[in-house]
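Undergrad: Order-wise, the sequence lines are chains A and B. Going by my numbering, the letters in the first sequence line up with residues 37 to 482, in that order. Going by my numbering, the letters in the second sequence line up with residues 179 to 495, in that order. Note that CB positions come from ideal geometry on N, CA and C, so glycine has one too. Structure below; questions to follow.
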Amino acid sequence: MNFYKTGTSGTTIGLVVVLVVIVLAAGAYIALNPGGTKTVTATSTATSTATSTATSTSLGTLTATVSTTATTTATTVSTATTTATTVSTATSSLLPSGSVNGGGGTLVYPLMQAWINTYQYLQPNIQISYAALGSGKGISGITAGLYNFGESDAPLTAAQYSALPSGSNLLTIPVSDSGVIPAYNLPGITAHLNFTGNVLAEIFYGTITNWNDPRIAALQSPSVASTLPSNPIQVYHRSDGSGTMYGFTQYLSDSNKTWAENVGYSTGVLNWPVGVGCLHNAGVAQCISGNQYSIGPLEIAYEIANPGQINYGAVKNAAGHFVLANLTNIALAVGAGVRNGLPSTDAQWSSFSVIQQTFNDTADTQIYPIATFTYALVYQDLSASYAATTQVQALDTLSFLQWVVNSGQATGAYLGYAPLPASAVTLDNQLLASITYNGTPVLTGS
Amino acid sequence: MTASQKGKRSSRSRGDLVLKSVVGAAAIGVIALLAGLGIELAYSSRLSISTFGLSFIFGSTWAPIHSIYNAFPFLVGTLATSGIGLLLGVPMGLGIAIFLSENRRGGRALNTTLGSLVELLAAVPSVIYGLWGLFVLVPFMAHFVEPGLKSVLGFLPIFSGTPIGTDLLTAGVILAIMIIPTISAVSRDVLNAVPNSQREAMYSLGATDWEVIRKSVLPYARSGIFGAIILGLGRAVGETMAVTFVVGNNTNLPHSLLSPGYTLTSLIVNQLGATTDPLADAALVEVSLLLFLLALVINFVARGLVWRMTRKTKFRI
Chain A
37 MNFYKTGTSG TTIGLVVVLV VIVLAAGAYI ALNPGGTKTV TATSTATSTA
87 TSTATSTSLG TLTATVSTTA TTTATTVSTA TTTATTVSTA TSSLLPSGSV
137 NGGGGTLVYP LMQAWINTYQ YLQPNIQISY AALGSGKGIS GITAGLYNFG
187 ESDAPLTAAQ YSALPSGSNL LTIPVSDSGV IPAYNLPGIT AHLNFTGNVL
237 AEIFYGTITN WNDPRIAALQ SPSVASTLPS NPIQVYHRSD GSGTMYGFTQ
287 YLSDSNKTWA ENVGYSTGVL NWPVGVGCLH NAGVAQCISG NQYSIGPLEI
337 AYEIANPGQI NYGAVKNAAG HFVLANLTNI ALAVGAGVRN GLPSTDAQWS
387 SFSVIQQTFN DTADTQIYPI ATFTYALVYQ DLSASYAATT QVQALDTLSF
437 LQWVVNSGQA TGAYLGYAPL PASAVTLDNQ LLASITYNGT PVLTGS
Chain B
179 MTASQKGKRS SRSRGDLVLK SVVGAAAIGV IALLAGLGIE LAYSSRLSIS
229 TFGLSFIFGS TWAPIHSIYN AFPFLVGTLA TSGIGLLLGV PMGLGIAIFL
279 SENRRGGRAL NTTLGSLVEL LAAVPSVIYG LWGLFVLVPF MAHFVEPGLK
329 SVLGFLPIFS GTPIGTDLLT AGVILAIMII PTISAVSRDV LNAVPNSQRE
379 AMYSLGATDW EVIRKSVLPY ARSGIFGAII LGLGRAVGET MAVTFVVGNN
429 TNLPHSLLSP GYTLTSLIVN QLGATTDPLA DAALVEVSLL LFLLALVINF
479 VARGLVWRMT RKTKFRI
């Protein structure tokens, strides 16, 4: 009568069922997806000149090979090329061993991973770690001296500048750039729709509710406008804090007064008037592709990594052209954004954004209007107590950042990040050269 | 008493003393941890508490552009999704537990196998529930369940709105799936512990199986089952990743079960690391404080109810 006595036959059957299910699932996964571990091998031959322009040139090769754990032969899924420049980094000689700790935003996280993997291969003595906890944590971390370098998708606000240690000078160094595309799922329409900032703001605000609204139709060519369906627009956006949404909502705020007054822009959770928030870029992509007649803002990186899976539209720039985003016109946009140099004071940085710089730029006809930088944050005096950095860490950190800004830029292309334009690279190198330890510049020969 | 006997007694009482102090320290340590957590949460959110006061809990405006942070929509979302989770999960979990404890066909092997498989549901990490929910459950709800629900019950205000799949109802369904193993495992143990004399007595009076369960087994195990339900509710209130993927993440006050909502936990996940000013930071900590207090209140209320129910019976969990 003891119902508690466990029968060995019962538990054995249960265990067998579980094991069979796990083996079948693993087998199905391996069979359907022959990509296993990803190993990045880098061979960089330091031949001569040319730093990167908007369309970069390649001098060395970086091959990424994908190999399976089940020993089927490797298939090269993606290759990338990197440039070796004349800026003498310490790739020819090994740096002293040390650890570099960074933390910050998630927009650049896949690229940061690739950079770290490659650089640790080039410099085996250095351990670099990056905590992708968000731009806010990147800024608060560098303020508290937790990181050797911080990373953020937006420059510091005035409040964050005032929270920095007194007497400190935090440098904001663009390390990469990205763009936001309006992705949509419209069955039967393969053409790229045209959008303006104002129309996008009205869609995301809920003022425009159906796809065949005259305000949308007016932007399309007549043949496309007549095929617009009458279905209601299902709006999606990111639910988590993100530099992508910061840039997108900043563009909407600039384009539409109602949006600016009621919603605004932020890296954090916003009160989107309509729509559903999906977690991370992959969540937004899944939400859009899984629901017809939907629209949502996506980072260009996702589209480049998964080409052809999601349709996206062109956005009208200040010059009046409808530009379909790609790495070239995003790089042009950030190049135009820094034409007058980078901001020099904290106050200027707090109000700096590529989107706002190019919002009224009628001269550049090919630029994409929703492009953003992502920045590394480093103290100018790394020997100060608030920087919490040893001399070896200073050298390691700055060597890494210098490599990132110069040679590392080409790595981003296949991951969907536009390379920095030459003007930005020059400005970055100047900033990095100005960083001192105990009075002497850390990097020599740049 | 000889010297050696005296020595043995004092060394044993010293052992007692050591045991009592270690165990006492552990108990006090846990209480101190809980209190410390609450105090730290309250302290870190003092800016938000002083700025918003009670309107943080009862106001519905979340507008970072105006620096207004009110958490009522999130509270409603948490309570609604947990409520649906309980509504759907308790009958299932209890039903499984009753089947496993009362079933006599198939032998012990069937019961223990089924029991192990149900408990395996609890072993699945919650983020996997979230991914499965987003990829499988959301389309299923959006294309089959919710339109069906609307065609039958669409006149009710809680089922108004277009069915999109990522809404409070789907989050409630996922929570129901997640708390079923908790409820069934604990309830099964409780039901197994009901003495067979109870069942035998009812059978000897001519009761049917269902009457035995309903009139003698379940009432006997009432407090234990209630404890199981509260455990399930506690898990549902704190569930984060599974809910964040499917709840819709819209900060507006939800007006129906089919509208996208927000829970306290998914706000914390989405907002963490993304705040840029001290008030937003404090508001985030205050949301955590709210969740902490909600969990405490649920537990205290549950304990109180269980105490009231078992005041007169001898059997208690």
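Return the residues of the stretch 397-420 of chain A that lie within a Cβ-Cβ distance of less than 8 Å from chain B, sorted by chain order.
TA: Against chain B - using a Cβ distance shorter than 8 Å - the stretch 397-420 of chain A contributes no residues.
Undergrad: Which runs of the alpha helix (DSSP H) fall wholly inside the stretch 371-442 of chain A and span at least 4 residues, in chain order?
TA: 382-386, 390-394, 427-441, all fully within the stretch 371-442 of chain A.
Undergrad: Could you name the residues of the same chain whose beta carbon sits closer than 6 Å to that of Asn353/A, not counting the 5 residues immediately before and after it, in chain order?
TA: Within the first sequence, numbered from 1, the residue matching residue 353/A stands at position 317. Counting only Cβ-Cβ distances below 6 Å, and skipping sequence neighbours, we find Val359, Ile403, Pro405.
Undergrad: Is there contact between the stretch 424-431 of chain B and the stretch 193-209 of chain B, where contact requires at least three CB pairs shorter than 8 Å?
TA: Verdict: no, contact absent.
Undergrad: If you draw a straight line from the alpha carbon of Trp151/A to that of Ser470/A, how long is it in whole angstroms?
TA: Translated into the one-based positions of the first sequence, residue 151/A becomes position 115. Translated into the one-based positions of the first sequence, residue 470/A becomes position 434. Between Trp151/A and Ser470/A, the C-alpha separation is close to 23 Å.
Undergrad: Helix, strand or coil for Ser124/A, going by three-state DSSP, please let me know.
TA: Indexing the first sequence from 1 puts residue 124/A at position 88. In this predicted model, Ser124/A has a pLDDT of only 41, less than 50, meaning its place in the structure is not dependable enough to derive any value.
Undergrad: So what does DSSP say about Phe185/A, is it helix, strand or coil?
TA: Locating residue 185/A in the first sequence gives position 149, counting from the first residue. In the structure shown, Phe185/A sits in a strand (DSSP, three-state: E or B).
Undergrad: For the alpha helix (DSSP H) containing Thr429/B, list its first residue and its last residue.
TA: Translated into positions along the second sequence, residue 429/B becomes position 251. Unbroken run through Thr429/B: none, as it is neither H nor E.
Undergrad: If the cut is a Cβ gap below 7 Å, which residues of chain A does Ile450/B touch?
TA: Residue 450/B sits at position 272 when you count from the first residue of the second sequence. What sits at residue 450/B in the sequence shown is Leu, not Ile. In chain order: Gly170.
Undergrad: Can you tell which of Leu368/A, Thr154/A, Ile66/A has its C-alpha closest to the C-alpha of Gln393/A?
TA: If you number the first sequence from 1, residue 393/A lands on position 357. Nearest C-alpha to Gln393/A: Leu368/A.
Undergrad: For Asp382/A, return the contacting residues in chain B, with the cut-off set at a CB-CB distance below 9 Å.
TA: Taking the first residue of the first sequence as 1, we reach residue 382/A at position 346. Ordered by position in chain B, no residue passes the 9 Å Cβ test against Asp382/A, which lies about 15 Å from the chain.
Undergrad: Check whether chain B comes within 8 Å of Val478/A, counting only Cβ atoms and requiring the distance to be less than that.
TA: If you number the first sequence from 1, residue 478/A lands on position 442. Not closer than 8 Å to any Cβ of chain B, the Cβ of Val478/A fails to qualify, so no.
Undergrad: Under 8 Å Cβ to Cβ from Phe333/B, same chain only, skipping five residues before and after it: list those, please.
TA: Numbered from 1 along the second sequence, position 155 holds the residue referred to as residue 333/B. Counting only Cβ-Cβ distances below 8 Å, and skipping sequence neighbours, we find nothing.
Undergrad: Taking Cβ-Cβ distances below 9 Å as the criterion, which residues of the stretch 298-313 of chain B are in contact with chain A?
TA: Against chain A - using a Cβ distance shorter than 9 Å - the residues of the stretch 298-313 of chain B are Leu298, Gly308, Leu312, Phe313.
Undergrad: Rounded to whole angstroms, how far is the Cβ of Leu222/A from the Cβ of Trp247/A, which I believe are closer than 8 Å?
TA: Numbered from its first residue, the first sequence carries residue 222/A at position 186. Numbered from its first residue, the first sequence carries residue 247/A at position 211. Contact flag correct, Cβ pair sits at about 7 Å.
Undergrad: Any idea if Ser84/A is buried or exposed, counting beta-carbon neighbours within 10 angstroms, 16 or more meaning buried?
TA: Stepping through the first sequence from its first residue, residue 84/A is reached at position 48. No answer about Ser84/A holds up, because its pLDDT of 34 lies below 50 and its placement is not dependable.
Undergrad: Just the C-alpha distance for Phe404/B and Tyr145/A, rounded to the nearest angstrom, thanks.
TA: Within the second sequence, numbered from 1, the residue matching residue 404/B stands at position 226. Within the first sequence, numbered from 1, the residue matching residue 145/A stands at position 109. Distance between the alpha carbons of Phe404/B and Tyr145/A: 46 Å.
Undergrad: Just verifying my parser: in three-state terms, what is the DSSP assignment at Ser135/A?
TA: Here residue 135/A corresponds to residue number 99 of the first sequence, with the count starting at 1. Of the three classes helix, strand and coil, the one that applies to Ser135/A here is strand, per DSSP.
Undergrad: Does the separation of the CB atoms of Leu200/A and Trp385/A fall below 8 Å?
TA: Looking up residue 200/A in the first sequence gives position 164. Looking up residue 385/A in the first sequence gives position 349. Contact: no.
Undergrad: What do you reckon, are the CB atoms on Ile358/B and Met270/B nearer than 8 Å?
TA: Residue mapping note: residue 358/B aligns to position 180 of the second sequence, counting from 1. Residue mapping note: residue 270/B aligns to position 92 of the second sequence, counting from 1. Going by C-beta atoms, Ile358/B is nearer than 8 Å to Met270/B.
Undergrad: Show which residues of chain B have a CB atom less than 7 Å away from the CB atom of Leu315/A.
TA: Taking the first residue of the first sequence as position 1, residue 315/A is located at position 279. Thr422, Phe423, listed in chain order.
Undergrad: Excluding five sequence neighbours on each side, which residues of the same chain lie with their C-beta closer than 6 Å to the C-beta of Leu467/A?
TA: In the first sequence, the residue the question calls residue 467/A occupies position 431. Once the five neighbours on either side are set aside, the close Cβ partners of Leu467/A are Leu207, Ile209.
Undergrad: Which residue wins for smallest C-alpha separation from Ile340/A, given the options Ser419/A, Pro457/A, Tyr282/A, Ile217/A?
TA: Your numbering for residue 340/A matches position 304 in the first sequence. For Ile340/A, the nearest C-alpha among the options comes from Ile217/A.
Undergrad: Are any of the Cβ atoms in chain B nearer than 8 Å to that of Lys352/A?
TA: Along the first sequence, one-based indexing puts residue 352/A at 316. For Lys352/A, the answer is no, since every Cβ of chain B falls outside 8 Å of its Cβ.
Undergrad: Counting pairs of beta carbons, one from the stretch 330-344 of chain A and one from the stretch 414-427 of chain A, are three or more of them closer than 8 Å?
TA: Short answer: they don't touch.
Undergrad: Listed in chain order, which residues of the stretch 252-281 of chain A have Cβ atoms closer than 8 Å to some Cβ of chain B?
TA: The residues in question are Pro268, Gln270, Ser275, Asp276, Gly277, Ser278.
Undergrad: Using a Cβ-Cβ cut-off of less than 8 Å, list which residues of the stretch 424-439 of chain B approach chain A; keep chain order.
TA: Those residues of the stretch 424-439 of chain B that come within reach of chain A (Cβ to Cβ, closer than 8 Å) are Gly426, Asn427, Asn428, Thr429, Asn430, Pro438.
Undergrad: Who does Tyr398/B pair with in a DSSP beta bridge?
TA: As a first step, residue 398/B is located in the second sequence; it is residue number 220 there, counting from the start. None; Tyr398/B has no bridge partner.
Undergrad: Report buried or exposed for Tyr221/B, applying the criterion of at least 16 other Cβ atoms within 10 angstroms of its Cβ.
TA: Within the second sequence, residue 221/B is the residue found at index 43, counting from 1. Classification of Tyr221/B: exposed, given that the 10 Å Cβ count is below 16.
Undergrad: Which same chain residues, not among the five before or five after Phe423/B, have their C-beta less than 6 Å away from its C-beta?
TA: Against the second sequence, residue 423/B aligns to sequence position 245. Answer for Phe423/B: Gly308, Gly311, Leu312, listed in chain order.
Undergrad: Can you tell me where the alpha helix (DSSP H) holding Leu7/A begins and where it ends?
TA: In the structure displayed, chain A extends from 37 to 482; residue 7/A sits before or after that span and is not available.
Undergrad: Hey, is Asp455/B's beta-carbon within less than 8 Å of any beta-carbon in chain A?
TA: For the purposes of this step, residue 455/B is identified with residue 277 of the second sequence, where counting begins at 1. It does: the Cβ of Asp455/B has a partner Cβ on chain A nearer than 8 Å.
Undergrad: Using a cut-off of 8 Å between C-beta atoms, extract the partners of Leu468/B located in chain A.
TA: One-based indexing of the second sequence puts residue 468/B at position 290. Ordered by position in chain A, no residue passes the 8 Å Cβ test against Leu468/B, which lies about 15 Å from the chain.
Undergrad: Can you tell me the Cα-Cα spacing of Leu474/B and Trp295/A, whole angstroms?
TA: Position 296 of the second sequence, counting from 1, holds the residue named residue 474/B. Position 259 of the first sequence, counting from 1, holds the residue named residue 295/A. If I take the Cα positions, the gap works out to 39 Å.
Undergrad: Taking only three categories from DSSP, how would you classify Arg274/A?
TA: Along the first sequence, one-based indexing puts residue 274/A at 238. Three-state DSSP puts Arg274/A in a strand.
Undergrad: Would you call the CB atoms of Ile164/A and Phe436/A closer than 8 Å?
TA: As a working mapping, residue 164/A is identified with position 128 in the first sequence. As a working mapping, residue 436/A is identified with position 400 in the first sequence. It is a contact, given that the beta carbons lie within the stated cut-off.
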